Structures are given as structure tokens and as C-alpha cells.
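First comes the structure, then the notes that go with it.
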Amino acid sequence: MNSSLDHLSPTTSSARFSLPSKSTSASRPNIYERNLNKSRLSEVSAPSFSFLFSEIVQYTQKRVSGINDLERRLNTLGYRVGSRVLEITAYRAEFSSKAPKREIRLLPALMAIHTQVWRAVYGKPADAIEKSVENVDEYMIIDNDPLIERHISVPRDFAGLSCSSFSAGIVEAVLDGLGFPARVTAHHTPTSTYPTRTTILIKLEKSVLDREDILK
Amino acid sequence: MTTNSATPVLKLSSTSFMAIFGLWVINKAGGLVYQRNFADGLAQLTANEYLVLAGTLHGIHAITSRLSPIPGQSSGAQVIEGETFKINVLLTLTGTKFVLLTSPAEPASTIDTLLQKIYSTYAEKVMQNPFHTPEMPIRSEAFDVSLGGLIG
Amino acid sequence: MTIYSLYIYDRHCTCVYYQDWHRTRRPKPAVEGGILPAVSQAVVAPPPESNNSTLAPYSSPRNTLTSASGVVVAVSEINAQSTASPLLQAPPSPIGVTSTGLAFDEEVKLVYGVVLSLRNMIKKLSGRDEQFVNYRTSAYKLHLFETLSGYKFVMLSDPGTESLRFVLRQIYVGPFLEYVVRNPLITMDSKEYGIDNEYFRASVDRMIRGSSFFP
Chain B
83 MNSSLDHLSP
93 TTSSARFSLP
103 SKSTSASRPN
113 IYERNLNKSR
123 LSEVSAPSFS
133 FLFSEIVQYT
143 QKRVSGINDL
153 ERRLNTLGYR
163 VGSRVLEITA
173 YRAEFSSKAP
183 KREIRLLPAL
193 MAIHTQVWRA
203 VYGKPADAIE
213 KSVENVDEYM
223 IIDNDPLIER
233 HISVPRDFAG
243 LSCSSFSAGI
253 VEAVLDGLGF
263 PARVTAHHTP
273 TSTYPTRTTI
283 LIKLEKSVLD
293 REDILK
Chain S
13 MTTNSATPVL
23 KLSSTSFMAI
33 FGLWVINKAG
43 GLVYQRNFAD
53 GLAQLTANEY
63 LVLAGTLHGI
73 HAITSRLSPI
83 PGQSSGAQVI
93 EGETFKINVL
103 LTLTGTKFVL
113 LTSPAEPAST
123 IDTLLQKIYS
133 TYAEKVMQNP
143 FHTPEMPIRS
153 EAFDVSLGGL
163 IG
Chain L
4 MTIYSLYIYD
14 RHCTCVYYQD
24 WHRTRRPKPA
34 VEGGILPAVS
44 QAVVAPPPES
54 NNSTLAPYSS
64 PRNTLTSASG
74 VVVAVSEINA
84 QSTASPLLQA
94 PPSPIGVTST
104 GLAFDEEVKL
114 VYGVVLSLRN
124 MIKKLSGRDE
134 QFVNYRTSAY
144 KLHLFETLSG
154 YKFVMLSDPG
164 TESLRFVLRQ
174 IYVGPFLEYV
184 VRNPLITMDS
194 KEYGIDNEYF
204 RASVDRMIRG
214 SSFFP
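Put into C-alpha cells, the structure is as follows:
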């Protein structure tokens, strides 16, 4: 079918990649050849992801000097993922629409993150969005059972560390991309039913709040 | 389970009951990286004593595979029986051993299934945990909790 | 169900008797001095000439065993030289016999080492005076019966066998008492000789072949 393109494909031209053999890729195109719009059935095995993420954390951990530094680095890595995720979710949601739009109000933007971004990255929406009672500039996205935390058991001497800083980075990138600059952090907030429950805390910049006031 | 197990009647019944006494995980070098007791019935040993026993078991396991009287590969000891308990060993392809101490009445199929489940829990909660160093002692709350669910 | 081999150890940790059935993977002959005389002919290397002369004064049945020079491969020769019953010799080796790569004396020590370690482990773990009964691998099962006097009867069978402790006990109360303990020509606890003799071997053989486990 695309034999003329074979030499261009990064997967068929060399044996360096241990990707599915040709016979399977014929029935199901590999990740480079899949349609960009189809998100169904493009699932990744959870253990593979867990092992990869575990390696990411270990790799990062070797190069930092403390919990804060580790969280910051994970956040940075997440940020790079987030900026790409925003691109593809926006494309998928709006490419067929006659009048593509971009969220300009905060709450719909948060909703989009809660539902679309989470679904694109973790295969399920997040569990809640909350607004801080104490600080007007703080919002929270809550995931009761974050996929990336499922197999992580933080040792006692790392108390306070949340590997969901990676998710926080994703959220920060998406908000940035939508024009809502904010500082996003992750916090482990366990309950008895959800031992890995995690809160993504969004602290918006003042300019965003000012703009929201004008738009009201 | 029984608060006054000192009476002989209860002692007898405890051996006929199916029970899982403990679990060990032995790394490929023979070091004990996890040890946990689930039910009473066996002696309470110190951490050091368990370490020595695990090392012994590791050595015996290697020897038993060499003593086969028939041609072909033999595994190491899979089940070692005493009078009131038995030691069940699952050796994985990577050399890690899962050792389950159970009552002798526990059927082999149940134990095999359980050992496989423990192995897969280990793969998830221990090997996928970025804070675990391979071949080192296992300190994972998630693993403890999941095992509690499996064995109770 | 198949029975492969029988080892008897005395309380000094030495192997005093060995016999096998259907064993298709054998140890190499023991090195000289590796095991006691009169344990089993099937597994000793031919003794050198000088050795023969020192043993010559003895005329007990066990002595005919040690002086019979022969290895597994030379069965007909042994028969020609000795008056002992064919049972005392190694059974003719089937074509498919392979070697464990271990000398018999090493194998004997390994078996004893495993049995002793497991026995201690079971005692330690139980916290009681509990006996080690058996262990199973994918290829065989090892059974132990220990007498109060410290003799250890070890039997290897196929892995599907039930506990053979009672068979080992039968060997102890039957042939062992009859032809070893009550045999004036056998010095028990001698540290120099095994307990092999014609009647004992034949009797054990008959018992094993007659049992329901024998194919």
C-alpha cells in the first residue's frame, strides 16, 4: 500500500526499533501512521506506561538535590507534554467545526482540562474541580485515583512528594497555552477510600483574574 | 484468631485449618528482601534468623535441581514438607523466589494461583514503583496493602 | 509411580548403603576413599591391587563385595569373578543411562547436606521438634525417614508419589532390623564399612518391587 514510502518511515527502515512486526502493523497501523483524529483504540498498555514513568522519576531523581527540585523537574517534563496535548486536543475537538473556537473564560477552560485533556492523557476525566474558599486566585482539579500514582509508594523520607507534579506540569502548559498563566502544583490529599487521591492546585496570575472581571 | 490457643484442642485444629503463615521474597543473590508473617503457628524468629534461613533455602534450591535421578532439567525444590506446615517456592525466570509458608492441607492449585497473583502484585507495586531499587529490601506501603487484600 | 534410589546414612553423616531402580541418570563412580566400602558396588571405582590384599583376611559377605572389582559397564566380568548373587551387582545399564556429572561420593554428600539443612530449617521455622518429611521438584521427590538412633533413610521417587515414609519405615523394621541389626557380620557404627550384604539387598529389592508403587 505504501511501499514507496517505506524508506521514509522511521519504523520500517531499520531494525533498531522493536516495534510491532509488519504483519500486525498491516492490520493496525503503527503510531506514526495512525490517523491523527482517531483517538479511539489508540490505547497504551498501563504497565508499559508505568514502567516508563517509573524510569522518568528515577532518572530525574538521580539528577536533583531534594524534593522541591524533583517536583520542579517533573513539572517541567509535564509542561512539555502539556503543550503538545493542548495542540492535539484542540485540533481533535475543533477540526471539523465550521467556526473553531478557543476557550477564553476560565471555568470552561478548566472544564476542558478536567474532561478533554484528562481523557486524552489518562483515558478518563478527572473527578472534581473546586474553587478555594480562602484565596480567590486558587482553583483545584481533583483526581481520586491518578493513573501515574497507582503503583507508586512514596517512602517516608520523601514525605510530601507528589509525582503528580508531572500532571501539574501538563495543566500549567495547557493553561499557559490558552492564555491563563498560572503556577500549578500537585498535592497528595488521601482519603480512606482513595489512598492516592491527588489535588492539582492552580494559582492564577493576577492579570487573569483582572481580565475575568472585565469579561463578566 | 484464637486468643487462648494454648489449649491442646485448639492447637490441633490450627494444623488442620488451612492457613498461610508467611511470605518471603528472595532476590536472585539469595538475599531476603521481604518477609511478612500472616498467621500464628510457626516460631517467631528475628530478622537475622530469617535472613539466614532464606540464604540456606537459596543454596538448597540450587543443589536440589542437580540431584535429579533422571535425564533432563529438573527445577529446584518446589514444595518442602514438614509435619505441620509446608514451604512452597515459586522461582521466576529472573531468579526471584517467592516463598509461601502454608499449612499442609492447602491444595497445590490454590497455592500456585496465589503465588502467581503475588508475583503480579510484585510486578505492579514493587517493580513499577520508582522509589524501589531492584534487588534491595522492599519497602512499599502499596505492596503491603495489596498483599493484605490477597492473603488477609 | 517410580522409585529411583535409596540412601541410608548413619548418625555419623556417612552413607552406609545405596541401591537404585530405574535410575537413568547416574553419578560417576566415587573416587577412591570417597565412600566407605560395602555401600554399593554399582558406584565404586575398581579398587587398586594393593587395596585388595589388605581386605583379603576378611571373608564375610560384605568383603566379597568390596573385593569384587568392577564398574557398572563390566557386569559379566563381575559375575565371572565373584560368587555373589547377581542382585549384588549393579543392574545392567540400560542404553539411555546418562551421567549426573557428579561423582557418587559428592552426590552422597549433597543429598545428606540438603536433607540436614532442610531438617534444621523445618525445626527452626516450626520452633518445635518437627520432622522434615519430603520435598518435590519438577523431576523427582525426596523422602526422609529418620530413626531415633539417627539413621536416615532417604528415598528418591517420581514427583507424583504420595509420602513414602511408611515404605522407608517398613525397610527399617523389616530388612534393616533383620539383616543388618541382627546380622553379626555387620558392624554397625563402624565408620569403616557400609552395611551392604546380600540378604539385605535382596530383601529390600523384593520389598520395593512388590510394593504398589513399583511399575
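Residue numbers (our numbering), protein chains in the order written: chain B, 83 to 298; chain S, 13 to 164; chain L, 4 to 218. We treat Cβ as the ideally placed atom computed from N, Cα and C, and that holds for glycine. Given the structure is predicted, the values throughout are model-derived calculations rather than measurements.
Check	Outcome
To the nearest angstrom, how far is the alpha carbon of H15(L) from that of T133(S)?	46 angstroms
Of the choices V167(B), A128(B), S246(B), S214(B), whose alpha-carbon is the least far from that of L156(B)?	S246(B)
Contact criterion: CB-CB distance below 8 angstroms. Does A55(S) meet it with respect to chain L?	yes
Just by C-beta distance, which residues in the region 70-95 of chain S are closer than 8 angstroms to chain L?	G71, I72, I75, T76, S77, R78, L79, S80, P81, I82, P83, G84, Q85, S86, S87, G88, A89, Q90, V91, I92, E93, G94, E95
Mind checking if Q134(L) is an interface residue toward chain S, Cβ cutoff 8 angstroms exclusive?	yes
Since I believe F107(L) is in contact with I6(L) (beta carbons under 8 angstroms), could you give me their beta-carbon distance rounded to a whole number of angstroms?	With a Cβ gap of about 18 angstroms, I6(L) and F107(L) do not count as contacting.
Closer than 7 angstroms: is that where the CB of R265(B) sits relative to any heavy atom of the ligand GTP?	Looking at this structure, you won't find the ligand GTP or any other ligand, since it has none at all.
Please list the segments of the beta strand (DSSP E) lying wholly inside the region 150-207 of chain L, counting only runs of 3 or more residues, in order along the chain.	155-160
What residues of chain B sit near A154(S), judged by a beta carbon separation below 7 angstroms?	H233, S235
Does T68(S) get closer than 8 angstroms to chain L when you measure Cβ to Cβ?	yes
Measuring only the C-alpha atoms, how far is L35(S) from N100(S)?	10 angstroms
Cβ closer than 8 angstroms: which chain S residues qualify as neighbours of P129(B)?	A135, E136, Q140
State the DSSP-derived secondary structure class of L152(B), mapped to helix, strand or coil.	helix
Between R48(S) and chain B, is any beta-carbon pair separated by less than 8 angstroms?	no
Exposed or buried, which one is S215(L) when buried takes at least 16 other CB atoms within 10 Å?	exposed
Here's a check: name, in chain order, each residue in its chain whose Cβ is nearer than 8 angstroms to the Cβ of I170(B), leaving out the five neighbours to either side.	L118, A202
Using a Cβ-Cβ cutoff of 7 angstroms, what residues of the region 117-142 of chain L are near chain S? List them in chain order.	V117, S120, L121, M124, I125, K127, L128, S129, G130, E133, Q134, F135, V136, N137, Y138, R139, T140, S141, A142
So, with DSSP's three-state summary, where would you put V215(B)?	coil
Around the C-beta of S72(L), are 16 or more other C-beta atoms found within 10 angstroms, so that it is buried, or is it exposed?	Note that S72(L) has pLDDT 45, beneath the 50 cutoff, so the model's placement of it is unreliable and no number is given.
Helix, strand or coil for F135(L) per DSSP?	strand
For F143(S), would you say it is in contact with chain L, using Cβ-to-Cβ distances shorter than 8 angstroms as the test?	no
With 8 angstroms as the C-beta to C-beta threshold (strictly closer), list the residues of the region 236-253 of chain B near chain S in chain order.	V236, P237, F240, C245
Would you say L159(L) lies against chain S (beta-carbon separation less than 8 angstroms)?	yes
Use the C-beta contact count for T280(B): other C-beta atoms within 10 angstroms, 16 or more gives buried, fewer gives exposed.	buried
Tell me whether V101(S) sits in a helix, a strand or coil according to DSSP, three-state version.	strand
Count the other CB atoms, across all protein chains shown, that sit within 10 Å of the CB of T145(S); report buried if there are 16 or more and exposed otherwise.	exposed
Is Y182(L) near F203(L), with beta carbons less than 8 angstroms apart?	yes
What would DSSP say about D225(B), mapped onto helix, strand or coil?	strand
Might you give, ordered along the chain, the residues of its own chain that have their beta carbon closer than 6 angstroms to the beta carbon of N141(S), omitting 5 neighbours on each side?	S152
Does the Cβ-Cβ distance between A191(B) and L260(B) come in under 8 angstroms?	yes
Please tell me whether L35(S) has its Cβ less than 8 angstroms away from any Cβ of chain L.	no
Tell me which same chain residues have a C-beta within less than 7 angstroms of the C-beta of T150(L), skipping the five on either side of it?	Y175
Should R187(B) go down as buried or exposed, given a rule of 16 or more other Cβ atoms within 10 Å for buried?	exposed
Rank F143(S), V91(S), G160(S), F155(S) by C-alpha distance to the C-alpha of D239(B) and give the top, closest one.	F143(S)
Given that T27(L) touches chain S, what residues does it touch there, using C-beta distances under 7 angstroms?	I82, P83
Under a CB-based cut-off of 8 angstroms, is L105(S) close to chain L?	no
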